[in-house]
Structures are given as C-alpha cells and as structure tokens.
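Residue numbers (mature numbering (1 follows the signal peptide of the UniProt record, and there is no 0)): -24 to -1, 1 to 339. Beta carbons are placed, not taken as given, at the ideal position from N, Cα and C, and that holds for glycine. Computed from a predicted model, the values in this text were never measured in an experiment.
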C-alpha cells in the first residue's frame, strides 16, 4: 500500500483570526454530509483486511534436440516433451487498512487551536497532525515480500566441430556431441589432478579454466537433456475478518498446475485459520451509542488482534498475531491537547490500523 501523503492547511477566515479567542479547542464531529455545511477536513479511519500472499516458482523444461540419444550415451533418459512444474515458496499474511466509510470525521476550522496541519494519505485516511514530512510514511519498495530475483545468465553456445553442422542425421550429431562431452570431462580431470600438459600458473587461472570447461559441458548436455527456465510469480487473497475461522481452504496447490481453486481436488489444500486473541468487550446498543457520543477530539483506533495460521500438508507456513481494527474500539485525543496555549502536539498514526504510532511535542 502506498504511503504517499498530502497535507491540508486548516486556513482560518481573516475575520476569525482577528477575534483573539485563545481558549477554543479543536472541534471534531462525525461526518454527515447531509447535515454538515461548515468548513473542515474530512478524514477516515481504516478497517482491517487480511491479505495472504503466496510465492510460486514456475520451472519450464524445454527438451533438447538430441533427447532420443541421451540414454545411449549417458545412461539416463531425457524427457522429450515440454513441461511446466510449480513449487510453493513463501506464504505470508499481513494486515492492510482500507478506508472505513462508516467511520469518517471532520476536523472543523476553529480559531485558537494549534491542530493546524492534518495529513491524509491518498485514500483519505488520517496519518498525521502537525507532523513533519520525515515523520510520515514514505513510499518504499515492498521489502516484506519481495520475489526472488533470477539473474539472467549469458547463454553459452556449445563448442562443436564443423562435422556436427554438416552431419546428415540426428544420430551422427549425437555421436559427435557426446564425444565432445567426454573430451571435456577428460580435460577437466587432467586439470584437477595436475596432469594437464599446460597447467595454469596460479589458482585464479585454474579456477577460470575449470569454470569454462564446466560451462561447455553444461551447454553440450543441454542438447540431450534440454534446459530449464525459472520464473517467480505471486498470488494474493484478501479476507475481511469478522469472526474466528478454523481451517478454511483458501486455495489448493498442484505441482503440475500451480494454484487452483479451493474446490479443485487436483491440488492439496492450503488452509487459513483466524483466532481472536485481543477483542474489546461487547457493548449493547445503548452502551455503544453512549460511548460514541463521548468521543470528543481526534478519534483514532485501538485495534484488537488475531492469530493467523496458514497450513499445507500438515506443515505450518505462517503463524503470527496481526492487528485487526474491527476487534478493537475507538478512542479520542482530548481536545485540550490542541489548544494554542503551549507547544503544538505532533501525532503520527498508522495508516493500516489507525492507531497512534508517535505522539510528542512539536518543538
């Protein structure tokens, strides 16, 4: 999720600036567009979604042109058909915040308050009050779940004599290529045992020659056994936490087909469990209404928590406690904190949970 933000200056009308009122407080109210006709900044609090992300390694096998002769010369058969296989890599879960449009508040423009900067992210979620740019979330690469990087290698062309090119049959080409493999292996053995006619002068030269011979051997064997190309991809699922979940099949994994639907029996299930570990006490309708009415000031979240577990073939892939705003409750920073008597208070909020990350005097 992008943490890019933009700031709004709470501009006061010139007439109000001349009133000299110094005891006013920051006024925050629930936002009701039909009823509210004043000026202010509308902000939202986030609610939690659990995002599950899976890394998949895809290996594509391309058969070699001489695969029919692999058994004859090297004692092991080679596949003659292209194939794709998959491997399940890392699987994680993390909390993300989306705007809760039922929890929107307005910070009214009032004289005599030092809450003069409110910062929202691009989706309207509050991320700071009187906060400097360096205090706020900044755009950064996704280091939480970066896909493995495949370094493209330099494709080595096999060193073959001219006879290979003019050979009239695949069988003759296979004979020439196999003979070249055996010559390279013999040269490699001579180097390693110190019996080569022209031994390299130092260890670095020996290593370089050894690497070159091994690369040539690999390139020649690819004519028989083919080559593999590896790529990584990511899949993700989003869950809205409402109640506990036990062993729900999120998706299935097949080595031949990769990720398949939860009801596709060609794959083995990957299950998702959510167990509440921290939840605010339940309130009846009357208590809840009274509690909401008493929220005076800058409203923020005190998230609850849940333990998320992901399993595949009886193996635990992920097991951690994550914040869940829906399981917590809202609190408010007292309006008197933002009077203009004294230093401004700086507050930084977590854009995923709406909780306070940092609060101090803005010196």
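Check: Buried or exposed (CB count within 10 angstroms, at least 16 for buried), residue 30; Outcome: buried
Check: Three-state class that DSSP yields for residue 254 in the structure shown; Outcome: strand
Check: Touching by the beta-carbon criterion (3+ pairs, under 8 Å), the stretch 298 to 312 and the stretch 270 to 282; Outcome: yes
Check: Own chain, CB closer than 8 Å to residue 202, minus 5 neighbours either side, in chain order; Outcome: 37, 38, 39, 40, 43, 54 and 55
Check: N- and C-terminal bounds of the alpha helix (DSSP H) containing residue 151; Outcome: 146 to 169
Check: Three-state secondary structure assigned by DSSP to residue 196; Outcome: helix
Check: Beta-carbon proximity of residue 67 to residue 246, cut-off 8 Å; Outcome: yes
Check: Own chain, CB closer than 6 Å to residue 79, minus 5 neighbours either side, in chain order; Outcome: 21
Check: Simplified DSSP state of residue 172, which is helix, strand or coil; Outcome: coil
Check: Neighbourhood of residue 298 by C-beta, 7 Å cutoff - its chain only, sequence neighbours within 5 removed; Outcome: 26, 69, 70, 71, 281, 282 and 284
Check: CA-to-CA distance, residue 312 to residue 337, given in whole angstroms; Outcome: 14 Å
Check: Spatial distance of residue 164 from residue 221 (CA atoms); Outcome: 59 Å
Check: Whole-angstrom C-beta distance between residue 167 and residue 185, which should lie under 8 Å; Outcome: 6 Å
Check: Supposed contact pair residue 132 and residue 181 - C-beta distance, whole angstroms, cut 8 Å; Outcome: That pair is no contact at about 19 Å.
Check: Residue 50: first and last residue of the uninterrupted alpha helix (DSSP H) it sits in; Outcome: 46 to 50
Check: Whether residue 150 touches residue 62 by CB criterion (8 Å); Outcome: no
Check: Neighbour-count burial assignment, residue 289, 16 or more Cβ in a 10 Å radius; Outcome: exposed
Check: Closest by C-alpha distance to residue 309, when choosing among 51, 33 and 83; Outcome: 83
Check: Nearest-angstrom Cβ-Cβ length linking residue 34 and residue 74, presumed shorter than 8 Å; Outcome: 31 Å between Cβ atoms; not a contact.
Check: Residue of 300, 320 and 207 minimising C-alpha distance to residue 218; Outcome: 300
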